[in-house]
Ligand code: PLP
Ligand code: COI
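Numbering (full-length UniProt numbering), first residue to last: 8 to 368.
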């Protein structure tokens, strides 16, 4: 059934940053530190459905202290990027996939599903007012963060009858402070991220809250990210905010299949690019031991992390209480770096978009 057209109300920010202030931020955006001048807000209520879509000045959200999200974490979010092409136009990458995943996450968290058309329109509306925030320097982008949460003031435990969807945007450079250099990963043995039947496959704040102590452990051990195993401690799952892929000497891409990890859109795209060049893709349960043995025997030659924020980043080593894997130095160009190049070439419009992954904003 077609969703009704929503009538958008746009209120310009009178206190928008000056062009000079914006340029200073875009010159060195970092990740997630600065925000554009506007945000999107769409209301949902049990009785009225989705209504009152608006673009308004970026600023604090007023919440009742009893708002359900503050107590029971009924929340989901997404992450995607807007890229500036050489001719100045602005594009995003596979936004329908993010919209669909947000619907799946919402369903799991008993939140209303935002129609895909509204999700896509929210991106267009925000870029229409904040397009100047999409940076031009190589490898920079505007990170788009849609999110939705339970706003109803009610302490009973049930799905909220009042929910809001928001979209904010933040100019982004490299996610890891060292740029695109190989990163060390910490293997969490004490903490699991998700379990069977849990919320691991949903993009919901609680999964990230529960990863923070393990992530802090990773930093303490000089590692940039944490890798989680499944509840049995046998199989690889994913990193705190990225999927993981192993590359074999004979050209296979191996990545965990599990119903408790996030279905990464970067991962799906990279696997497709791999298939396009004749690499074999294996998506199946992957025991940690296979990685240990594969590196020892010389069969596994690379490992990398992938996600919207991190793009593709090679993994240099995996450290843990009982495990230490040091990835070999590559003999030629890394498969991960070559896939990264191809993916970003598509995203930035430097090569044809043969899979029709881009949407103009
Ligand atoms: N896994 C987790 C836990 C994530 O937070 C992310 C990032 O969004 C990913 C995987 C990668 O997903 P995507 O490539 O869609 O950004
Ligand atoms: C993303 O890549 O979009 C994420 O949400 C992951 C987070 C580590 C920023």
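For glycine and all other residues, C-beta sits at the position ideal for the given N, C-alpha and C.
Between the CA atoms of residue j and residue i - distance to the nearest angstrom
{"i": "residue 199", "j": "residue 116", "result": "20 Å"}
{"i": "residue 68", "j": "residue 131", "result": "22 Å"}
{"i": "residue 94", "j": "residue 263", "result": "39 Å"}
{"i": "residue 92", "j": "residue 297", "result": "41 Å"}
{"i": "residue 309", "j": "residue 356", "result": "27 Å"}
{"i": "residue 104", "j": "residue 219", "result": "27 Å"}
{"i": "residue 250", "j": "residue 227", "result": "22 Å"}
{"i": "residue 72", "j": "residue 274", "result": "38 Å"}
{"i": "residue 300", "j": "residue 241", "result": "14 Å"}
{"i": "residue 25", "j": "residue 325", "result": "45 Å"}
{"i": "residue 80", "j": "residue 74", "result": "10 Å"}
{"i": "residue 349", "j": "residue 276", "result": "10 Å"}
{"i": "residue 311", "j": "residue 345", "result": "12 Å"}
{"i": "residue 55", "j": "residue 122", "result": "15 Å"}
{"i": "residue 48", "j": "residue 162", "result": "24 Å"}
{"i": "residue 126", "j": "residue 339", "result": "42 Å"}
{"i": "residue 335", "j": "residue 352", "result": "27 Å"}
{"i": "residue 133", "j": "residue 295", "result": "43 Å"}
{"i": "residue 191", "j": "residue 323", "result": "5 Å"}
{"i": "residue 83", "j": "residue 164", "result": "17 Å"}
{"i": "residue 12", "j": "residue 106", "result": "17 Å"}
{"i": "residue 34", "j": "residue 343", "result": "27 Å"}
{"i": "residue 230", "j": "residue 57", "result": "43 Å"}
{"i": "residue 341", "j": "residue 124", "result": "39 Å"}
{"i": "residue 183", "j": "residue 189", "result": "10 Å"}
{"i": "residue 155", "j": "residue 258", "result": "40 Å"}
{"i": "residue 211", "j": "residue 50", "result": "19 Å"}
{"i": "residue 331", "j": "residue 194", "result": "9 Å"}
{"i": "residue 28", "j": "residue 137", "result": "14 Å"}
{"i": "residue 354", "j": "residue 314", "result": "14 Å"}
{"i": "residue 98", "j": "residue 238", "result": "39 Å"}
{"i": "residue 46", "j": "residue 173", "result": "7 Å"}
Any non-hydrogen atom of the ligand COI closer than 7 Å to residue i Cβ
{"i": "residue 56", "result": "no"}
{"i": "residue 10", "result": "no"}
{"i": "residue 86", "result": "yes"}
{"i": "residue 316", "result": "yes"}
Same chain, Cβ closer than 7 Å to residue i, five either side skipped, listed in chain order
{"i": "residue 120", "result": "110, 113, 114"}
{"i": "residue 288", "result": "260, 278, 281, 282"}
{"i": "residue 16", "result": "61"}
{"i": "residue 168", "result": "52, 53, 159"}
{"i": "residue 347", "result": "318, 319"}
Own chain, CB closer than 6 Å to residue i, minus 5 neighbours either side, in chain order
{"i": "residue 149", "result": "89, 140, 141, 176, 178"}
{"i": "residue 101", "result": "272, 364"}
{"i": "residue 18", "result": "63"}
{"i": "residue 22", "result": "none"}
{"i": "residue 247", "result": "218, 222, 232, 233"}
{"i": "residue 367", "result": "98"}
Residue i Cβ short of 7 Å to the ligand PLP heavy atom set
{"i": "residue 249", "result": "yes"}
{"i": "residue 206", "result": "no"}
{"i": "residue 212", "result": "no"}
{"i": "residue 272", "result": "yes"}
{"i": "residue 103", "result": "no"}
{"i": "residue 245", "result": "yes"}
{"i": "residue 33", "result": "no"}
{"i": "residue 230", "result": "no"}
{"i": "residue 50", "result": "no"}
{"i": "residue 269", "result": "yes"}
Any C-beta of chain D under 8 Å from that of residue i
{"i": "residue 350", "result": "Note that chain D does not occur in the displayed structure, where there is just one protein chain."}
Close-in-space but distant-in-sequence residues of the same chain around residue i (CB under 8 Å, 5 per side omitted)
{"i": "residue 77", "result": "70"}
{"i": "residue 42", "result": "65, 175, 176, 177"}
{"i": "residue 196", "result": "236, 240, 327, 328, 329"}
{"i": "residue 207", "result": "200, 201, 214, 244, 265, 266, 267, 268, 269"}
{"i": "residue 166", "result": "81, 117, 118, 157"}
{"i": "residue 358", "result": "349, 352"}
Exercise for review: Starting from the N-terminal side, write out each stretch of the alpha helix (DSSP H) that is 4 residues or longer and does not extend beyond the segment 279-320.
Suggested key: The alpha helix (DSSP H) runs lying completely inside the segment 279-320 and spanning 4 residues or more are 295-304, given in chain order.
Exercise for review: Only counting runs of 4 or more residues, tell me where the alpha helix (DSSP H) segments fall wholly within the segment 98-143, in order along the chain.
Suggested key: For the segment 98-143, whole alpha helix (DSSP H) runs of length 4 or above, ordered along the chain, are 102-115, 123-137.
**Study point:** In chain order, each beta strand (DSSP E) run of at least 3 residues that lies wholly inside the segment 140-214
**Key:** For the segment 140-214, whole beta strand (DSSP E) runs of length 3 or above, ordered along the chain, are 148-157, 169-179, 190-195.
Point to revise | Continuous alpha helix (DSSP H) assignments of at least 4 residues falling wholly in the segment 17-70 | key: As far as the segment 17-70 is concerned, its whole alpha helix (DSSP H) runs of at least 4 residues are 26-34.
**Study point:** alpha helix (DSSP H) segments (min. 4 residues) lying fully within the segment 203-277
**Key:** Within the segment 203-277, the runs of alpha helix (DSSP H) that reach at least 4 residues and sit entirely inside it are, in chain order, 212-216, 219-227.
Practice item. Scan the segment 67-97 and note each continuous alpha helix (DSSP H) run of 4 residues or more that stays entirely inside, going in chain order. Key: The segment 67-97 contains these whole alpha helix (DSSP H) runs: 75-79.
Review point. So, do the segment 297-307 and the segment 268-276 have three or more beta carbon pairs nearer to each other than 8 Å?
Key: With the cut-off at 8 Å, the segment 297-307 and the segment 268-276 do not touch.
Check your understanding: Can we say the segment 143-160 touches the segment 24-39, given the rule of at least three CB pairs closer than 8 Å?
Key -> Result yes; three or more Cβ-Cβ pairs closer than 8 Å.
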